[in-house]
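Peer 1:
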Amino acid sequence: DVVIENFKPGTLEKWGLGWEQLHAINPKLVMLRISGFGQTGPYKDKPGFGVLGESMGGLRYITGEPGRVPVRVGISIGDTLASMHGVMGLMFALHHVNVNGGEGQVVDVALYESVFNVMESTQTEYTSAGVVRERTGSALPGIVPTNAYLCKDDQYVLIAGNGDSIFQRLMTEMGRQDLADDPELKHNDGRARHVERIDAAIQEWAATMTCDEVIARLDAVSVPVGKTYTIADIVEDPQYQAREMILDTVTSHGKPMKTPGIVPKLSATPGRVKHPAPTLGQQTDDLKQSGWPRRKD
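Using our numbering, the first residue of the sequence shown is number 9, and each one after it goes up by one.
1) Whole angstroms are fine: how far does the CA of THR88 sit from the CA of GLU133?
2) Among the residues of its own chain, which have a CB less than 7 Å from the CB of GLY58, if the five just before and after it don't count?
3) For the ligand GDP, is there a heavy atom less than 7 Å away from the beta-carbon of MET127?
4) Count Cβ pairs between the region 182-197 and the region 254-265 that sit closer than 8 Å; are there 3 or more?
5) In the DSSP assignment, find the alpha helix (DSSP H) that holds THR135 and state where it starts and stops.
6) Would DSSP call ARG58 helix, strand or coil?
7) Determine the DSSP secondary structure at ALA118, reduced to helix, strand or coil.
8) Could you check where the alpha helix (DSSP H) with PRO278 kicks off and where it finishes?
9) Counting only runs of 4+ residues fully inside the region 199-263, write out the alpha helix (DSSP H) ranges in chain order.
10) Looking at the unbroken alpha helix (DSSP H) that takes in LEU98, where does it start and where does it end?
11) Could you tell me whether the Cβ atoms of GLU181 and VAL233 are closer together than 8 Å?
12) Compute the beta-carbon to beta-carbon distance between VAL323 and ARG41, rounded to the nearest angstrom, for a pair I have assumed lies under 8 Å.
13) Would you grab the beta carbon distance between ILE70 and GLU142 for me? Rounded to a whole angstrom, and I think it's under 8 Å.
14) Tell me which residue opens and which closes the beta strand (DSSP E) that GLU13 is part of.
15) What residues match up with LYS266 in a beta bridge as DSSP calls it?
16) For my contact list, ASN125 and HIS93 are in at a C-beta cut-off of 8 Å; report their separation, rounded to the angstrom.
17) So does the region 261-272 actually touch the region 196-208, counting three or more Cβ pairs closer than 8 Å?
18) Determine the burial state of ARG280: buried for a count of at least 16 other Cβ atoms within 10 Å of its Cβ, exposed for fewer.
19) At the 8 Å Cβ level, is ILE239 part of the contact set with chain C, yes or no?
20) Please return the same chain residues whose Cβ sits closer than 8 Å to the Cβ of ILE239, not counting the five positions on each side in sequence.
21) Can you check which of these residues, GLY299, ASN14, ARG199, is closest to ALA90 by C-alpha distance?
22) Expressed to the nearest angstrom, what Euclidean distance is found between the alpha-carbon atoms of GLY75 and ALA228?
23) Check each candidate in PRO149, LEU226, LEU158 and name the one with the smallest Cα separation from GLN176.
24) What's the gap between the Cα of ALA32 and the Cα of GLU111?
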């Protein structure tokens with residue numbers, strides 16, 4: 009009932025496998041088409057990978073340090089976002105077929121649009137107020153304090169003390185009652201005007217302790233805090249383990265392997281790993297063995 013493809017627009021049509029041909033054979037068919045710029049528009053014939061989706065979707069421009077080169081976020085987030093939007097579109101289209109009794113349709117997903125769709129209020133900020141959001145490094149602009157601070161063991165701790173009562177608890181725990189009692193810092197708008205002063209005070213305090221010590225101190229007074237995890241930290245973390253986010257699986261070759269767990273968690277029908285990923289060429293071999301006619305040339 010579903011065909012998924014991510015060729016340049018027009019490729020399947022050249023092979024005689026386009027939407028019109030397949031829909032004529034199976035009117036209930038749903039086709040997911042993922043491409044750099046979608047099936048229509050002046051850029052539809054341009055080749056595009058995730059890197060361009062991230063760039064032209066607006067993400068790269070706002071990622072990095074102020075005045076420095078725009079940077080990659082560290083993973084191929086454009087491809088991931090396109091896949092997630094594709095899955096959502098498939099669910100909508102299949103619901104229309106299976107529940108509403110409708111016909112199949114094309115789910116047209118563009119990489120750049122998938123990135124643009126998670127860009128918060130950047131477009132409205134510009135079209136309504138002429139504001140172009142810029143790179144701000146590790147800080148969350150206008151929400152103070154929210155930043156990364158270097159501890160004495162050379163690890164970074166993330167502290168989000170931006171709620172009014174949270175800020176009070178943070179400053180009290182730091183021994184900075186002068187900042188806790190400052191009327192100018194009582195609410196976020198005032199703190200945003202004094203972000204350098206506040207960040208400097210927190211950095212000075214964090215630098216006197218290890219990352220774990222900072223976390224223990226702030227956990228005790230309910231201030232949101234966390235370590236900047238490496239993948240090694242994630243694999244060993246008890247929270248990840250308690251929620252089965254690091255699964256023990258077996259490869260197609262029978263070798264043990266750990267894989268990421270299932271998200272989201274469903275209470276009545278929880279997800280599970282049914283089978284390992286196929287080996288290289290395994291599905292081609294399966295297709296040949298199924299009796300599929302081989303091309304004669």
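Cβ atoms here follow ideal geometry from the backbone N, Cα and C, with glycine treated the same way.
Bear in mind the structure is a predicted one, so any value in this text is a computation, not a measurement.
Peer 2: Concretely, from the data shown:
1) Walking along the sequence shown from the start, residue 133 turns up at place 125. Walking along the sequence shown from the start, residue 88 turns up at place 80. So the two alpha carbons sit approximately 26 Å from each other.
2) Mapped onto the sequence shown, residue 58 falls at position 50. In the same chain as GLY58, and ignoring 5 residues on each side of it, the C-beta atoms closer than 7 Å to its own belong to SER84, GLY86, ASP87, LEU119, in chain order.
3) This structure lacks the ligand GDP, and indeed carries no ligand of any kind.
4) Judged by Cβ distances under 8 Å, the region 182-197 makes no contact with the region 254-265, as fewer than three pairs qualify.
5) Locating residue 135 in the sequence shown gives position 127, where the first residue counts as 1. Following the DSSP letters along the chain, one finds THR135 inside the alpha helix (DSSP H) bounded by residues 130-137.
6) Indexing the sequence shown from 1 puts residue 58 at position 50. Strictly speaking, residue 58 in this sequence is Gly, with Arg absent from that position. In the structure shown, GLY58 sits in a helix (DSSP, three-state: H, G or I).
7) The residue given as residue 118 occupies position 110 in the sequence shown. For ALA118, the secondary structure class from DSSP, reduced to helix, strand or coil, is strand.
8) As a first step, residue 278 is located in the sequence shown; it is residue number 270 there, counting from the start. From DSSP, PRO278 is part of no alpha helix (DSSP H); its letter is neither H nor E.
9) Restricting attention to alpha helix (DSSP H) runs no shorter than 4 residues, the region 199-263 encloses them at 203-214, 219-227, 239-244, 246-250, ordered along the chain.
10) Sequence index remark: in the sequence shown, residue 98 carries index 90 (1-based). Start and end: 85-106.
11) By 1-based counting over the sequence shown, the position of residue 181 is 173. By 1-based counting over the sequence shown, the position of residue 233 is 225. No, Cβ-Cβ distance for GLU181 and VAL233 is not below 8 Å.
12) Not covered by the structure: residue 323. The range shown for the chain is 9 to 305.
13) The residue given as residue 70 occupies position 62 in the sequence shown. The residue given as residue 142 occupies position 134 in the sequence shown. About 7 Å separates the two Cβ atoms, so the contact holds.
14) Within the sequence shown, residue 13 is the residue found at index 5, counting from 1. Start and end: 10-13.
15) Here residue 266 refers to the residue found at position 258 of the sequence shown. DSSP, once it has assigned bridges, lists ASP256 as partnering LYS266.
16) By 1-based counting over the sequence shown, the position of residue 125 is 117. By 1-based counting over the sequence shown, the position of residue 93 is 85. Going by Cβ atoms, the distance from ASN125 to HIS93 rounds to 7 Å, so yes, they are a contact pair.
17) Segments in contact, no.
18) Walking along the sequence shown from the start, residue 280 turns up at place 272. When all chains shown are included, ARG280 counts as exposed.
19) Annotation note: the requested chain C is absent from the structure, which comprises a single protein chain.
20) The count along the sequence shown starts at 1 and reaches residue 239 at position 231. Excluding its 5 nearest sequence neighbours in each direction, ILE239 has no C-beta neighbour in its own chain below 8 Å.
21) Translated into positions along the sequence shown, residue 90 becomes position 82. The shortest C-alpha separation from ALA90 is found at ASN14.
22) Stepping through the sequence shown from its first residue, residue 75 is reached at position 67. Stepping through the sequence shown from its first residue, residue 228 is reached at position 220. Whole-angstrom Cα-Cα distance: 38 Å.
23) The residue you call residue 176 lines up with position 168 of the sequence shown. Closest by alpha carbon: LEU226.
24) Against the sequence shown, residue 32 aligns to sequence position 24. Against the sequence shown, residue 111 aligns to sequence position 103. The straight-line gap from Cα to Cα measures roughly 11 Å.
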